[in-house]
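Read top to bottom, the protein sequences are chains P and W.
Our numbering puts the first residue of the first sequence at 2, with every later residue one more than the last.
Our numbering puts the first residue of the second sequence at 2, with every later residue one more than the last.
Built from N, CA and C at the ideal position, the CB exists for glycine as well.
2 protein chains.
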Amino acid sequence: MKKRKFLVFLSILLSVFCIGGFVGCPSGNADYDPLLSWNEGGTKQGIVNFVEDVTNPSSDNYVPPSDRIATFDNDGTLWTEKPEYIQESFIKYRLTNALPALQKLPSLTEKDVMVKDLILEYIQPEPLTPEEYKQKARDFLDNSLHPYLGVPYIELTYQPMVELVNYLQSNDFKVYICSGGGLDFIRSFAEDAYGIPPENVIGSTVQTEYIAQGDGSYLLVRKPELVQPINDGLGKPVGIERYIGKKPIMAVGNSSGDLPMLDYTDDNQGPALMMLLHHDDPRECPYAADEPDIDCPYDKKSESNFNVFDVANERGWTVISMKDDFVTVYGDITQSITPSITPSITPLDNVSGSEQASGDENQFGYRRRA
Amino acid sequence: MKKRKFLVFLSILLSVFCIGGFVGCPSGNADYDPLLSWNEGGTKQGIVNFVEDVTNPSSDNYVPPSDRIATFDNDGTLWTEKPEYIQESFIKYRLTNALPALQKLPSLTEKDVMVKDLILEYIQPEPLTPEEYKQKARDFLDNSLHPYLGVPYIELTYQPMVELVNYLQSNDFKVYICSGGGLDFIRSFAEDAYGIPPENVIGSTVQTEYIAQGDGSYLLVRKPELVQPINDGLGKPVGIERYIGKKPIMAVGNSSGDLPMLDYTDDNQGPALMMLLHHDDPRECPYAADEPDIDCPYDKKSESNFNVFDVANERGWTVISMKDDFVTVYGDITQSITPSITPSITPLDNVSGSEQASGDENQFGYRRRA
Numbered sequence: 002m003k004k005r006k007f008l009v010f011l012s013i014l015l016s017v018f019c020i021g022g023f024v025g026c027p028s029g030n031a032d033y034d035p036l037l038s039w040n041e042g043g044t045k046q047g048i049v050n051f052v053e054d055v056t057n058p059s060s061d062n063y064v065p066p067s068d069r070i071a072t073f074d075n076d077g078t079l080w081t082e083k084p085e086y087i088q089e090s091f092i093k094y095r096l097t098n099a100l101p102a103l104q105k106l107p108s109l110t111e112k113d114v115m116v117k118d119l120i121l122e123y124i125q126p127e128p129l130t131p132e133e134y135k136q137k138a139r140d141f142l143d144n145s146l147h148p149y150l151g152v153p154y155i156e157l158t159y160q161p162m163v164e165l166v167n168y169l170q171s172n173d174f175k176v177y178i179c180s181g182g183g184l185d186f187i188r189s190f191a192e193d194a195y196g197i198p199p200e201n202v203i204g205s206t207v208q209t210e211y212i213a214q215g216d217g218s219y220l221l222v223r224k225p226e227l228v229q230p231i232n233d234g235l236g237k238p239v240g241i242e243r244y245i246g247k248k249p250i251m252a253v254g255n256s257s258g259d260l261p262m263l264d265y266t267d268d269n270q271g272p273a274l275m276m277l278l279h280h281d282d283p284r285e286c287p288y289a290a291d292e293p294d295i296d297c298p299y300d301k302k303s304e305s306n307f308n309v310f311d312v313a314n315e316r317g318w319t320v321i322s323m324k325d326d327f328v329t330v331y332g333d334i335t336q337s338i339t340p341s342i343t344p345s346i347t348p349l350d351n352v353s354g355s356e357q358a359s360g361d362e363n364q365f366g367y368r369r370r371a
Numbered sequence: 002m003k004k005r006k007f008l009v010f011l012s013i014l015l016s017v018f019c020i021g022g023f024v025g026c027p028s029g030n031a032d033y034d035p036l037l038s039w040n041e042g043g044t045k046q047g048i049v050n051f052v053e054d055v056t057n058p059s060s061d062n063y064v065p066p067s068d069r070i071a072t073f074d075n076d077g078t079l080w081t082e083k084p085e086y087i088q089e090s091f092i093k094y095r096l097t098n099a100l101p102a103l104q105k106l107p108s109l110t111e112k113d114v115m116v117k118d119l120i121l122e123y124i125q126p127e128p129l130t131p132e133e134y135k136q137k138a139r140d141f142l143d144n145s146l147h148p149y150l151g152v153p154y155i156e157l158t159y160q161p162m163v164e165l166v167n168y169l170q171s172n173d174f175k176v177y178i179c180s181g182g183g184l185d186f187i188r189s190f191a192e193d194a195y196g197i198p199p200e201n202v203i204g205s206t207v208q209t210e211y212i213a214q215g216d217g218s219y220l221l222v223r224k225p226e227l228v229q230p231i232n233d234g235l236g237k238p239v240g241i242e243r244y245i246g247k248k249p250i251m252a253v254g255n256s257s258g259d260l261p262m263l264d265y266t267d268d269n270q271g272p273a274l275m276m277l278l279h280h281d282d283p284r285e286c287p288y289a290a291d292e293p294d295i296d297c298p299y300d301k302k303s304e305s306n307f308n309v310f311d312v313a314n315e316r317g318w319t320v321i322s323m324k325d326d327f328v329t330v331y332g333d334i335t336q337s338i339t340p341s342i343t344p345s346i347t348p349l350d351n352v353s354g355s356e357q358a359s360g361d362e363n364q365f366g367y368r369r370r371a
């Protein structure tokens, strides 16, 4: 986390001093590579070419800063979702503390995670404010350890992706998270972990209400009711339109729940870069080698007609290979991994994050183009 | 509008060249007054003092740019809402074109406006995309004339308020609109009229859906269903939390529907400026002198226990007097006013924009502090 915070700070510093083309600009310093954790190759070059093209006022593809919108999925795109969604671990942790009988939950899809999260709103003795919820989430992420990697969850961001976010921001992109996960959950850490501020987070969310208290003051509290739609699959373009009101020119995801977001971005109305991260790298989950129940590396090419990477190939979208394109997955956290740590995770009944749909429609109702 | 566009451009230009304290900064040029349309006096001085205080790194009240959030109501705060809400005129205009039998509608509250707007979604032969809706709204605002002032509606922004928005932006505030009016309606003009981009508009909104078309492509369309809550009254803090995730340090409104937003901002956790605009100025509505049915100037002190300006006085909020504090209301549009234009407006059955509630609770369910 410290390294990431430093990277965020560095990119802000550089972007400030670079306005107007002064010294300290990335382009003026051959030694400075804002994508240091990306291997040289077609993927990295494609990203750099795209950014240099849309920021070049002489280019036909020039996009003014106000329209440089990039949207990133979170789970499996900006940080790990293995062996289960981290918000799922948070829910189990809270249920363990709140209501032990509910401790053992099956593995959940992103939609299930949001619905199960509502249970917690019902069993709270007092309604939580968004601030209280975010504090609980952040305490968990800072202090609870990944069951196999043995480091706090907040460390498990993908360093190359954090660099990409910061590289885009230093080129006057507005970078948003567009996730099926919980809005407050993501807001609790996104600014410190990625440099993405709360107002740039789009996620699934519960209703809140501004309620009069006994002393005449008011309090904004979370309610046990979801705002529709859940911000996943076909809900992602809805969330982007609701929060931003413009189409992205870049969208990055990793699973079938991201296809509608990439499809929405790929509208043939101007320059656009769509990317899917392929989890083909054992470095993401070295612990899985001896755990046949943990599907990692994952997103292998399936026999299904709805393999997301087939869609990417058909549409001309970029597939990022974690194995080939990432110099490192998590950055320097691996030094602190305790290899023989005893897993404390609840057994999984099925595998999260994998592509389970078959045929021409995925689990989000998104249909492949004819 | 041209003048406003120029002001927006000027403020952006100045803010760019001012980073790092270079030449061209407002503070470095005694001749430059970013609030030129504000009369000297306590209100203007209070605004300037607040902004200089929270942007001064040596001050105890310093607020970093990331937390400099300001939220503005729209109708009656940034542009006129007389003789009726402009979105209401737009709805009537569309109904006239779509279904003449529904032409005569009574005057509507902001909540009614949103609900009635849904009628239009039902009677469209094809669902509209947000882009199509915004284009219709913008065409109306550019080309339809105010029934009495005889200029396009988009000209009827309050010039001092536009200057205030731009002054805040040039001091690294993130300025949002937080309105009971329609999200897409406001987005259709807010960037050109105020310099407030689409992603900084919070408003009442309909659901949208990403729907597969016959050719395999997808289209995002508006649906005849409101996203709850309506973004007015107690819904404003909900909208602010949902879209921004931070409390504002400045909030500006003009009616009882804005009290919860000002209350939410006034949380005693740090510096905050809450302001209510008092419509005490015949220059806003010179046409009303001979029209007893038009309640303008308005927001007169009522006998009700819920007069918003009593609340402002109790809470120490600033009351902006349009008559005393504004050099001009609309800027130079008055030159183009045709005084004897024949009003084409539908007769009003009751008066919009006035404070109709009495007792300790207003029409939004917001209760006065004990």
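Buried/exposed call for residue i, threshold 16 Cβ in 10 Å
{"i": "Ala194/P", "result": "buried"}
{"i": "Gly271/W", "result": "exposed"}
{"i": "Ile1/W", "result": "Lying before the first or after the last residue shown, residue 1/W is absent from chain W, which here runs from 2 to 371."}
{"i": "Tyr149/P", "result": "buried"}
{"i": "Tyr33/W", "result": "exposed"}
{"i": "Thr110/W", "result": "buried"}
{"i": "Asp294/P", "result": "exposed"}
{"i": "Thr339/W", "result": "Low confidence applies to Thr339/W: its pLDDT is 47, below 50, so where it sits in the model is not reliable, and the reading given next is rough at best. Thr339/W comes out exposed."}
{"i": "Asn172/W", "result": "buried"}
{"i": "Asp118/P", "result": "buried"}
{"i": "Tyr211/P", "result": "buried"}
{"i": "Tyr367/W", "result": "buried"}
{"i": "Asp140/W", "result": "exposed"}
{"i": "Arg284/W", "result": "exposed"}
{"i": "Gln136/W", "result": "exposed"}
{"i": "Val239/W", "result": "buried"}
{"i": "Ala191/P", "result": "buried"}
{"i": "Thr97/P", "result": "exposed"}
{"i": "Val116/W", "result": "exposed"}
{"i": "Gln46/W", "result": "exposed"}
Spatially closest choice to residue i from the options, by CA coordinates
{"i": "Lys112/P", "options": "Val52/P, Gly234/P, Gly47/P and Pro287/P", "result": "Gly234/P"}
{"i": "Thr319/W", "options": "Glu226/W, Met276/W and Val312/W", "result": "Met276/W"}
{"i": "Asp54/P", "options": "Leu37/P, Leu169/P, Ile212/P and Thr209/P", "result": "Leu169/P"}
{"i": "Val222/W", "options": "Leu227/P, Tyr219/P, Val222/P and Gly236/P", "result": "Gly236/P"}
{"i": "Asp68/W", "options": "Asp216/W, Leu37/W, Lys247/W and Ala138/W", "result": "Lys247/W"}
{"i": "Ile231/W", "options": "Asp143/W, Val207/W and Ser218/W", "result": "Val207/W"}
{"i": "Ser218/W", "options": "Leu227/P, Leu260/P and Asp143/P", "result": "Leu260/P"}
{"i": "Val49/P", "options": "Asp325/P, Glu210/P, Val166/P and Ile334/P", "result": "Val166/P"}
{"i": "Asp267/P", "options": "Ile321/P, Arg316/P, Phe174/P and Ala213/P", "result": "Arg316/P"}
{"i": "Asn62/P", "options": "Ser180/P, Asn269/P and Val330/P", "result": "Asn269/P"}
{"i": "Leu121/W", "options": "Ser145/W, Lys93/W and His147/W", "result": "Lys93/W"}
{"i": "Thr44/P", "options": "His279/P, His147/P and Asp185/P", "result": "His279/P"}
{"i": "Pro199/P", "options": "Ala213/P, Thr209/P and Leu184/P", "result": "Leu184/P"}
{"i": "Pro153/W", "options": "Asn144/W, Pro161/W, Tyr159/W and Gln160/W", "result": "Asn144/W"}
{"i": "Glu133/P", "options": "Gln88/P, Ser189/P and Trp80/P", "result": "Ser189/P"}
Contacts that residue i makes with chain A (C-beta to C-beta distance below 7 Å)
{"i": "Ser67/W", "result": "Looking for chain A here will not work: the only protein chains present are P and W."}
Nearest-angstrom Cβ-Cβ length linking residue i and residue j, presumed shorter than 8 Å
{"i": "Gly204/W", "j": "Val114/W", "result": "The Cβ separation is near 11 Å, so there is no contact."}
{"i": "Asp282/P", "j": "Met323/P", "result": "4 Å"}
{"i": "Phe91/P", "j": "Ile178/P", "result": "With 8 Å as the limit, Phe91/P and Ile178/P do not qualify as a contact, their Cβ atoms being about 17 Å apart."}
{"i": "Val328/P", "j": "Asn40/P", "result": "6 Å"}
{"i": "Ile187/P", "j": "Asn75/P", "result": "6 Å"}
Contiguous beta strand (DSSP E) assignments of at least 3 residues, all confined to the segment 205–275 of chain W: Here the runs fully enclosed are 207–213, 219–227 and 251–254.
Output, in sequence order along the chain, the residues in the segment 258–279 of chain P whose CB is closer than 8 Å to any CB in chain W. Listed by position along the chain: Pro261, Asp264 and Tyr265.
The segment 178–209 of chain W: which residues have C-beta closer than 9 Å to a C-beta of chain P, in chain order? Going along the segment 178–209 of chain W in chain order, one finds Leu184, Asp185, Arg188, Glu192, Pro198, Pro199, Glu200, Asn201, Val202, Thr206, Gln208 and Thr209 with a Cβ nearer than 9 Å to chain P.
Residues of the segment 233–254 of chain P in Cβ contact with chain W at a cutoff of 7 Å, in chain order, please. From the segment 233–254 of chain P, only Leu235, Pro238, Val239, Glu242, Arg243, Tyr244, Ile245, Gly246 and Lys247 have a Cβ closer than 7 Å to chain W.
Taking a cut of 8 Å between CB atoms, which residues from the segment 211–225 of chain W lie near chain P? Of all residues in the segment 211–225 of chain W, the ones placed with a Cβ closer than 8 Å to any Cβ belonging to chain P are Tyr211, Ala213, Asp216, Gly217, Ser218, Tyr219 and Leu221, in chain order.
Within 7 Å of chain W by C-beta, residues of the segment 115–140 of chain P in sequence order: Within the segment 115–140 of chain P, the residues whose Cβ lies closer than 7 Å to some Cβ of chain W are Pro131, listed in chain order.
Proximal residues, the segment 62–92 of chain W versus chain P, C-beta separation under 7 Å: Of all residues in the segment 62–92 of chain W, the ones placed with a Cβ closer than 7 Å to any Cβ belonging to chain P are Ser67, in chain order.
Considering only residues of the segment 133–186 of chain P, which uninterrupted beta strand (DSSP E) runs meet the minimum length of 3 residues and lie entirely inside it, listed in chain order? The DSSP assignment places 175–183 as complete runs of the beta strand (DSSP E) inside the segment 133–186 of chain P, in order along the chain (cut-off: 3 residues).
Of the residues that make up the segment 304–325 of chain W, which ones have a beta carbon closer than 8 Å to any beta carbon in chain P? Listed in sequence order: no entries.
With 7 Å as the C-beta to C-beta threshold (strictly closer), list the residues of the segment 44–60 of chain P near chain W in chain order. Listed by position along the chain: nothing, the set is empty.
Beta carbons nearer than 7 Å to chain W: which residues of the segment 161–174 of chain P have them? Within the segment 161–174 of chain P, no residue qualifies.
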